[in-house]
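K.L.:
Before anything else, here's the structure in question.
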Amino acid sequence: MLPSRPLPTDDKSKSRAHAAIAPAVSQNTVTRLDAHLDPLLVYESGNTRGSPLVWDVALPPETLQVRMGTSAANGATSWTYFSNCAARLAPQYGGRPLQSLTLIVRTSSLHVAVKVPSGHTPPQNRSMTRLPYVSVWDVLVALYKALQTSVDTTTYRRLSRREQEAVDWSATLRASREAQAPQYSRYQYPSHVVKNVDFFGHGRRFLGLRPPAKDSRDSADLGRSTDSDLADVFVVEIGGG
């Protein structure tokens, strides 16, 4: 059981606390064995709208919407796009679809392994056979499940008092919200624990994936140099947006 802490009592203190744990994003990406992400997953620096997906990562991916004006926003056919390959090597490296990915969630220091076969299928493609690659849907489901797990005790205790208060406040609000809302989808997780998603406060929109940047923070979270060939590793960007 994680320790209980007094919660911030006003919006200003909550904003300051969350700002203290918000990650800084470097724009200097490294040269590496290149892989191309599906457009639904791409994080574009400077694009304030982020990914074409409108998704609160505290909710199951079945609740997401596709932003209008994108090719995947075509009503009943839109779910077919989620069966697409999430990432493949660039043509000069053979163009092979990737069968495994590692997602780095920096704020909570999560490493999320996504592998095939996953058995995950989009809501309107339940009869779809297992795919020989990691699909867009596989990525979204794996990320959601990882964020729903409880916070590692060691990670929590390393936070400052103010950071712990911010995470506790997020957990309290989320648990209250979940208690009042109907259950979504087939994923069931306990509400009254501090989860990894609580690190993000109100800034829980999925903004996309990007390659690791050549900075000390990305290197530290990866546990290895960002100068190596990391075609299968991507950093998850989550925020306001």
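Be aware that the sequence shown starts at 9, since it is given in the working numbering, and climbs by one per residue.
Glycine residues also receive a C-beta, built at the ideal position from the N, C-alpha and C atoms.
Since I believe Arg218 is in contact with Tyr51 (beta carbons under 8 Å), could you give me their beta-carbon distance rounded to a whole number of angstroms?
P.N.:
Your numbering for residue 51 matches position 43 in the sequence shown. Your numbering for residue 218 matches position 210 in the sequence shown. Contact flag correct, Cβ pair sits at about 4 Å.
K.L.:
Taking Leu118 as the reference, give the member of Leu49, Leu181, Ser158, Pro105 with the closest Cα.
P.N.:
Taking the sequence shown and counting its residues from 1, one reaches residue 118 at position 110. Looking at the Cα atoms, Ser158 is the closest of the given residues.
K.L.:
Short of 8 Å in beta carbon distance, which residues of its chain neighbour His44, apart from the five on each side in sequence? Order them along the chain.
P.N.:
Locating residue 44 in the sequence shown gives position 36, counting from the first residue. So the qualifying residues of the chain are Ala95, Arg96, Leu97, Ala98.
K.L.:
Measure the beta-carbon distance from Leu111 to Val124 and round it to whole angstroms, keeping in mind my assumption that it falls under 8 Å.
P.N.:
Residue numbering aside, residue 111 sits at position 103 when the sequence shown is read from its first letter. Residue numbering aside, residue 124 sits at position 116 when the sequence shown is read from its first letter. Leu111 to Val124, Cβ: 15 Å. No contact.
K.L.:
What do you get for Pro1, buried or exposed, if any count of 16 or more other CB atoms within 10 angstroms of its CB means buried?
P.N.:
It is not possible to answer for residue 1, since the shown part of the chain is limited to 9 through 249.
K.L.:
With 16 other CB atoms within 10 Å as the buried threshold, where does Gly216 fall?
P.N.:
Position 208 of the sequence shown, counted from the start, is the residue given in the question as residue 216. Classification of Gly216: buried, given that the 10 Å Cβ count is 16 or more.
K.L.:
To the nearest angstrom, how far is it from the Cα of Pro105 to the Cα of Val149?
P.N.:
Against the sequence shown, residue 105 aligns to sequence position 97. Against the sequence shown, residue 149 aligns to sequence position 141. Rounded to the nearest angstrom, the two C-alpha atoms are 19 Å apart.
K.L.:
Gln188: buried (16+ other C-beta within 10 angstroms of its C-beta) or exposed?
P.N.:
Counting from 1 along the sequence shown, the entry for residue 188 is found at position 180. The residue is exposed, with fewer than 16 neighbouring Cβ atoms inside 10 Å.
K.L.:
Given that a residue counts as buried once 16 or more other Cβ atoms are within 10 Å of its Cβ, and exposed if not, what is Pro60?
P.N.:
In the sequence shown, the residue the question calls residue 60 occupies position 52. Looking at its Cβ environment, which holds 16 or more other Cβ atoms inside 10 Å, Pro60 is buried.
K.L.:
Between the C-alpha atoms of Ala179 and Lys203, what's the straight-line distance to the nearest angstrom?
P.N.:
In the sequence shown, residue 179 corresponds to position 171, counting from 1. In the sequence shown, residue 203 corresponds to position 195, counting from 1. So the two alpha carbons sit approximately 7 Å from each other.
K.L.:
With distances taken Cα to Cα, identify the nearest neighbour of Val65 among Ser168, His200, Asp46, Phe214.
P.N.:
On the sequence shown, position 57 is the one that residue 65 refers to. Val65 has its Cα closest to that of Phe214, out of Ser168, His200, Asp46, Phe214.
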